[in-house]
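Here the structure is laid out as structure tokens; the discussion comes afterwards.
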Amino acid sequence: MDGAPAPAPAAAAAAAPPPGPAANNSWGNSPRGPSNGNPNWTSQDGQRRPFNPDAYGNPGHGGSYGGSSGGSARGSGDGQWRDGKHIPGPANPRLERELFGVPNDPTKQNTGINFANYDDIPVEASGHDVPEPVNTFTNPPLDDHLIANIKLAYYQTPTPVQKYSIPIVMNGRDLMACAQTGSGKTGGFLFPILSQAFQHGPSAAPAQASGQFSYGRQRKAYPTSLILAPTRELVSQIFDEARKFAYRSWVRPCVVYGGADIGSQLRQIERGCDLLVATPGRLVDLIERGRISLVNIKYLILDEADRMLDMGFEPQIRRIVEGEDMPHVNDRQTLMFSATFPRDIQMLARDFLKDYVFLSVGRVGSTSENITQKVEYVEDHDKRSVLLDILHTHGTSGLTLIFVETKRMADSLSDFLLNQRFPATAIHGDRTQRERERALEMFRSGRCPILVATAVAARGLDIPNVTHVINYDLPTDIDDYVHRIGRTGRAGNTGIATAFFNRGNRGVVRDLIDLLKEAHQEVPSFLESIAREGSGYGGRGGRGGRGRGANATRDMRRMGGGGGMGGGGSFGGSGGSYGAPGGGYGGGGSFGGPPSYGGGGGGGYGGYSGGGGGGGSYGNPSGPTGPSSWW
652 MDGAPAPAPA
662 AAAAAAPPPG
672 PAANNSWGNS
682 PRGPSNGNPN
692 WTSQDGQRRP
702 FNPDAYGNPG
712 HGGSYGGSSG
722 GSARGSGDGQ
732 WRDGKHIPGP
742 ANPRLERELF
752 GVPNDPTKQN
762 TGINFANYDD
772 IPVEASGHDV
782 PEPVNTFTNP
792 PLDDHLIANI
802 KLAYYQTPTP
812 VQKYSIPIVM
822 NGRDLMACAQ
832 TGSGKTGGFL
842 FPILSQAFQH
852 GPSAAPAQAS
862 GQFSYGRQRK
872 AYPTSLILAP
882 TRELVSQIFD
892 EARKFAYRSW
902 VRPCVVYGGA
912 DIGSQLRQIE
922 RGCDLLVATP
932 GRLVDLIERG
942 RISLVNIKYL
952 ILDEADRMLD
962 MGFEPQIRRI
972 VEGEDMPHVN
982 DRQTLMFSAT
992 FPRDIQMLAR
1002 DFLKDYVFLS
1012 VGRVGSTSEN
1022 ITQKVEYVED
1032 HDKRSVLLDI
1042 LHTHGTSGLT
1052 LIFVETKRMA
1062 DSLSDFLLNQ
1072 RFPATAIHGD
1082 RTQRERERAL
1092 EMFRSGRCPI
1102 LVATAVAARG
1112 LDIPNVTHVI
1122 NYDLPTDIDD
1132 YVHRIGRTGR
1142 AGNTGIATAF
1152 FNRGNRGVVR
1162 DLIDLLKEAH
1172 QEVPSFLESI
1182 AREGSGYGGR
1192 GGRGGRGRGA
1202 NATRDMRRMG
1212 GGGGMGGGGS
1222 FGGSGGSYGA
1232 PGGGYGGGGS
1242 FGGPPSYGGG
1252 GGGGYGGYSG
1262 GGGGGGSYGN
1272 PSGPTGPSSW
1282 W
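Sequential numbering from 652 applies to the sequence shown in our numbering.
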């Protein structure tokens, strides 16, 4: 989760027999087998047979880091729900070491979380009757089995976002949480929904599910929790965290994403799927194939919501939430998590959430003060030599993450560093899934302590012990800069972020100055000089005309009408007024978004229309979902 590393998953292993149905309105998945005398499931007197770990054979390999190609995880689903009680499965010491590591494991960040640095982080919660925060992992409100798994992960105390999100979700409220990267957002939603699952058990299958079984497997899955995230790396990490905290429980997590074999993902889903982590495109594909139903969803979580909209996923998200068989907003809980919540995301929340609590933690939408930011003026032709100087100075004792804009540059720069005897590897959208996993694993383990990456790795990757982030090529959007440097300084620890700047980056200069000042960092004089050279390169307002500034992370329900929300300057979309809920929201910029994202301005979301095709290093953000789709 954010704030703690996700362990490399092992190949998925044997699944436990499914729990039976529970009382109405209980949490969980449908039973995964018929009660019609099938010897794989019941004996002739209708009693469930004992757990057989080899009942389904060995699930396939390939996919997430290490890696399951989407699937139910060994250790999860090994428990049972029997006679209205959760019966945890047996302990597995080898699997515990794999999932949770050991104390002082250098490849894990669990024990390195600087909890003391969290104490002074400000938290703002708005909405009526906001539940009081919790300060410890205790029962109540959390389930004892979840608390045991939290202890196995060496977590000492909740992070600020978890202190508030746990009681909010456990009290049945919808949530929009805006928290800086590395703050524990993943635990903020996994802890309460898993705790509810352990306490209330699985739900009964819908009546129409009868007859949908094939050779002891249920062809259509009926998950009760759905977590949507933009990239396969992020969904894989969330899945890894779900594996940890569902260890020895009846809950069976699954993960599906594009760019991996859909056949193996389908086979894993058939073995049972209670908690589904998915990219929007692959989920739409599986829904169209009739293999996933959303009718049982009790929890809908949108993680990195702003990135999903940036990547053109709004049509798929709206189809999933509004156009399929998902329960109405009043019949489910919806949680939105992200590092920033600009205007267009808050508009989405108005459609998807009900009576929600808005949670803003820390210097949200800005950068952490735990990160020391340095901006160097470097012309393009000098970048390689300056990079070598930095690497020689800092050495390779920690992990260094270098961001570039193009796939070609990622490959050429990593080759250059290898020729200079620096152990480096690269990751970008043209690499195969296996190549990406291997590169990430070598980087995590420290065998290749330098990783050159395009934006495909900029968001969500929870890699422990990254001590230095270098923006070799600065992004054109300040939010991308925030999320890139957020790969270091995670979990309350410190890190260094270096940016190479020249006049080709002057479009982001004012936003960069604002960020440096907010985080109490030194502002180089050349930045101020370039900012004074012309106002035409003022704050861009972000992609799709979205605006930054203080309002980008405030609860818009508390703001009066009027007041432009969009970014100023010649690129920013002018903001329409919002007013009270139900008021108008329009605006629309004259530009709409940088060329690399396509998309026209205007439209009902203040300049973000979901617009034309993406491309670039993201592959096919708005295209659907064939077996070879990245998403």
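Heads up, the beta-carbon is just placed ideally off N, CA and C, and yes, glycines get one too.
Short Cβ contact (8 Å threshold) for T930 with T985
no
What runs of the beta strand (DSSP E), each 3 residues or longer, lie entirely inside the region 921-945?
Restricting attention to beta strand (DSSP E) runs no shorter than 3 residues, the region 921-945 encloses them at 926-929, ordered along the chain.
Please state whether the Cβ-Cβ distance between F890 and P904 is less than 8 Å.
yes
Check whether the region 1155-1175 and the region 1124-1144 touch, using three or more Cβ-Cβ pairs below 8 Å as the test.
By the Cβ test, the region 1155-1175 is in contact with the region 1124-1144, since at least three Cβ pairs between them sit closer than 8 Å.
Return the CA-CA distance between F788 and N800, expressed in angstroms with no decimal places.
Approximately 11 Å between the Cα atoms of the pair.
Under the three-state reduction of DSSP, which class applies to K736: helix, strand or coil?
strand
Cβ-based burial, A742 [other Cβ within 10 Å; buried from 16]:
exposed
Between which two residues does the alpha helix (DSSP H) containing P818 stretch?
P811 to M821
First through last residue of the alpha helix (DSSP H) which encompasses D954:
Note, D954: premise wrong, no alpha helix (DSSP H); beta strand (DSSP E) at Y950 to D954.
Thinking C-beta only, is A990 closer than 8 Å to H1134?
yes
I need the boundaries of the alpha helix (DSSP H) containing H1134, first residue and last residue.
In the DSSP annotation of this structure, the continuous segment of the alpha helix (DSSP H) that includes H1134 starts and ends at I1129 to I1136.
Should F1054 and N1122 be called a contact, given that it needs their Cβ atoms to be closer than 8 Å?
yes
Please classify M962: does DSSP put it in a helix, a strand, or coil?
Correct three-state label for M962: coil.
Would you mind stating whether L917 and S876 have Cβ atoms separated by less than 8 Å?
No.
Please classify S1036 as buried or exposed, where buried requires at least 16 other C-beta atoms within 10 Å of its C-beta.
exposed
Assign Q919 to one of three DSSP states: helix, strand, or coil.
helix
Can you tell me where the alpha helix (DSSP H) with E783 in it begins and where it stops?
Counting along the chain, E783 sits inside no alpha helix (DSSP H), nor does DSSP assign it H or E at all.
Mind checking which residues open and close the alpha helix (DSSP H) that includes P1093?
Per the sequence shown, residue 1093 should be read as Met rather than Pro. Looking at the DSSP string, the run of the alpha helix (DSSP H) that includes M1093 is Q1084 to S1096.
Less than 8 Å between the beta carbons of F1009 and G778, yes or no?
Cβ atoms of F1009 and G778: closer than 8 Å.
Suppose you measure from the CA of R1001 to the CA of R942; what does that come to, to the nearest Å?
Taking the straight line joining both Cα atoms gives about 30 Å.
How about the region 1095-1106 and the region 1073-1086: do they share at least three Cβ pairs that are nearer than 8 Å?
yes
I need the DSSP call for I1114, collapsed to helix, strand or coil.
coil
Would you identify the three-state DSSP class for A1106, choosing helix, strand or coil?
helix
Rounded straight-line distance, which links the Cα of K1168 to that of L746:
46 Å
Going by the CB atoms, is the gap between L934 and R983 shorter than 8 Å?
Cβ atoms of R983 and L934: not closer than 8 Å.
From A956, S1063 and D729, residue whose alpha carbon lies closest to that of P993
A956
Just list the alpha helix (DSSP H) runs in the region 824-911, keeping only unbroken ones of 4 residues or longer that don't cross its boundaries, in chain order.
836-851 and 883-896
Residues sharing a beta bridge with L986, DSSP:
L826 and I952
M987 and M821 look like a contact to me (Cβ under 8 Å); what is the Cβ gap, rounded to whole Å?
Not quite, the Cβ-Cβ distance comes to about 17 Å (not below 8 Å), so this is no contact.
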